[in-house]
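Residue numbers (UniProt numbering): 1 to 117.
Backbone N, C-alpha and C fix where the C-beta goes; we use that ideal spot for every residue, glycine too.
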Amino acid sequence: MNKTVICPGSFDPVTLGHLDVITRASKLFDRVIVGVLVNSSKKPIFSIDERIELLKEVTEHLNNVEIVGFNGLLAQYCEEHGVDAIVKGLRAVTDFEYEFQMALTNKKLNPNLETLF
1 MNKTVICPGS
11 FDPVTLGHLD
21 VITRASKLFD
31 RVIVGVLVNS
41 SKKPIFSIDE
51 RIELLKEVTE
61 HLNNVEIVGF
71 NGLLAQYCEE
81 HGVDAIVKGL
91 RAVTDFEYEF
101 QMALTNKKLN
111 PNLETLF
């Protein structure tokens with residue numbers, strides 16, 4: 001059974017922590033989509049095109065990883081693209097509170113969608 005996950009984020013800039021999560025996901029799942037989000041509440045350092053290009057460069061050795069840019073609802077994107085789960089990295093305990101609320105919202109919007117931390 002093929003499993004597809006998405007690692008969403010603004011990736012502004014991409015960090016070693018991001019790369020670690022993406023690399024580990026690529027070892028566990030058949031297909032990993034790295035979703036570069038447009039976040040209108042943030043003033044980006046790099047344009048979305050630059051972030052996508054940087055991510056392509058640092059993940060070129062991972063054959064099952066693809067980089068895409070998108071805006072809109074993550075749960076909707078996942079449903080439209082056959083994504084089974086969301087993979088999120090956490091920097092601190094305080095990140096968990098916010099990300100858990102987002103996971104509950106995504107689950108409400110798409111009951112088949114799981115979030116892994």
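Whole-angstrom distance between K107 and L90, CA atom to CA atom: 19 Å
Sufficient close CB pairs (3 or more, under 8 Å) joining the region 86-101 to the region 2-18: yes
Check whether residue 119 and E114 have beta carbons under 9 Å apart: Here the chain covers residues 1 to 117 and nothing more, so residue 119 does not appear.
Host alpha helix (DSSP H) of L16 (start-end): L16 to L28
Boundaries (first-last residue) of the beta strand (DSSP E) holding E114: E114 to L116
Limits of the unbroken alpha helix (DSSP H) element including R51: I48 to V58
Selection from V5, T4, N2 and I22 that minimises the alpha carbon distance to F11: When each option's Cα is compared against that of F11, the closest is I22.
Pairwise C-alpha distance: Q101 and L28: 25 Å
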